[in-house]
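Inspection log for the structure reproduced underneath, given as structure tokens.
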Amino acid sequence: MVVLDFETTGLSPHSGDRAIEIGAVRIEQGRITDRFTGLMNPGMRINSFIERYTGITNAMLRDAPPCEQVMRQFADFVEDYDMVAHNASFDSRFLTSELRRVGRESPGEFACSMLASRRLYQDAPNHKLGTLVRFHQLPNDGTFHRALADADMTTHLWLKMLTDIEEAYQLEQIPFFLMQEISHTPKAMIDRFLKSWRAKHG
DNA sequence: TGCCAGGCCCTCTTTAGGGCCTT
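If you're matching positions, the first sequence starts at 1231 in my numbering and goes up one per residue.
Here it is as structure tokens:
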């Protein structure tokens, strides 16, 4: 699967917002096998809030390739893999919007690490990505709100959740139907995960 | 002119409202 994160000019592609950076991590057999990242020029200036929030400046975007070029490359990277994102409804909207502009689409399904976290870690202070990284002491380099850094942290969070789900399942603490229900994760994704997990652990 | 995201989930709910998450 591919873990995905967008930085954007705002919250809604339906209000004209565009992607300005994409970061993605490919996971196979529970291990990171490839990464993709790129700044992209949205053809518009970003406001000062976004500059402060992400650290991405208008000067950086001026020299970046256009969204269309980066998204075509990303479409080739993601192929038909299923995807994971933290608050997936946000990233899936931008992915659909940006791919549609270049006549592409992603056939994969989305799972949401935020919804899964709300189910699995009810003792967490909240379910922001940064909070969960600290709560679980997940690997990070101190960078937040940049696409590849956030995708990397989401990857570590997702792998931890899969392990915790599997352990709970093995311990018969949760039945299989609940695994499918957790986080709205598509059944096919859970099935593929279990198959690869068992191949790895015997 | 005035509006301005959207989906999940809880609750003082279902004839609704508001917090949480993402930028």
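Backbone N, C-alpha and C define an ideal beta-carbon position, used for all residues, glycine too.
Just so we're clear, the structure is a prediction, and the values are computed from it rather than from any experiment.
Measuring straight from C-alpha to C-alpha, what distance separates residue i and residue j?
i: residue 1392; j: residue 1243; result: 31 Å
i: residue 1347; j: residue 1395; result: 11 Å
i: residue 1257; j: residue 1330; result: 25 Å
i: residue 1361; j: residue 1367; result: 10 Å
i: residue 1321; j: residue 1365; result: 23 Å
i: residue 1372; j: residue 1400; result: 34 Å
i: residue 1307; j: residue 1278; result: 31 Å
i: residue 1334; j: residue 1266; result: 18 Å
i: residue 1326; j: residue 1398; result: 34 Å
i: residue 1299; j: residue 1312; result: 22 Å
i: residue 1351; j: residue 1359; result: 13 Å
i: residue 1390; j: residue 1245; result: 35 Å
Residues bridged to residue i by DSSP?
i: residue 1268; result: 1252
i: residue 1233; result: 1255 and 1314
i: residue 1341; result: 1314
i: residue 1238; result: 1249
Verify whether the separation of the beta carbon atoms of residue i and residue j is less than 7 Å.
i: residue 1381; j: residue 1294; result: no
i: residue 1236; j: residue 1324; result: yes
i: residue 1276; j: residue 1377; result: no
i: residue 1388; j: residue 1314; result: yes
i: residue 1363; j: residue 1370; result: yes
i: residue 1270; j: residue 1297; result: yes
i: residue 1340; j: residue 1305; result: no
Leaving out five residues before and five after residue i in sequence, what residues of the same chain have Cβ atoms less than 6 Å from its Cβ?
i: residue 1384; result: 1233, 1316 and 1343
i: residue 1247; result: 1238, 1239 and 1240
i: residue 1440; result: A question about residue 1440 goes unanswered here, because the residues of the chain that appear run from 1231 up to 1432.
i: residue 1263; result: 1256
i: residue 1283; result: 1375
i: residue 1379; result: 1373
i: residue 1386; result: 1368 and 1369
Can you find the residues in the same chain that come closer than 8 Å, C-beta to C-beta, to residue i, ignoring five residues on each side of it along the sequence?
i: residue 1291; result: 1250, 1269, 1270, 1271, 1272 and 1276
i: residue 1286; result: 1237, 1250, 1251, 1269, 1276, 1280 and 1376
i: residue 1288; result: 1275, 1276 and 1281
i: residue 1353; result: none
i: residue 1510; result: It is not possible to answer for residue 1510, since the shown part of the chain is limited to 1231 through 1432.
Using a Cβ-Cβ cutoff of less than 7 Å, which residues in the same chain neighbour residue i once the five nearest sequence positions on both sides are dropped?
i: residue 1328; result: 1249, 1297 and 1301
(message) Please give the ranges of any alpha helix (DSSP H) in the region 1259 to 1309, keeping only runs that are unbroken, at least 4 residues long and fully inside the region.
(response) 1278 to 1284, 1288 to 1292 and 1297 to 1308
(request) With a floor of 4 residues, list each alpha helix (DSSP H) that falls wholly inside the region 1353 to 1381, ordered by position along the chain. (result) 1359 to 1365
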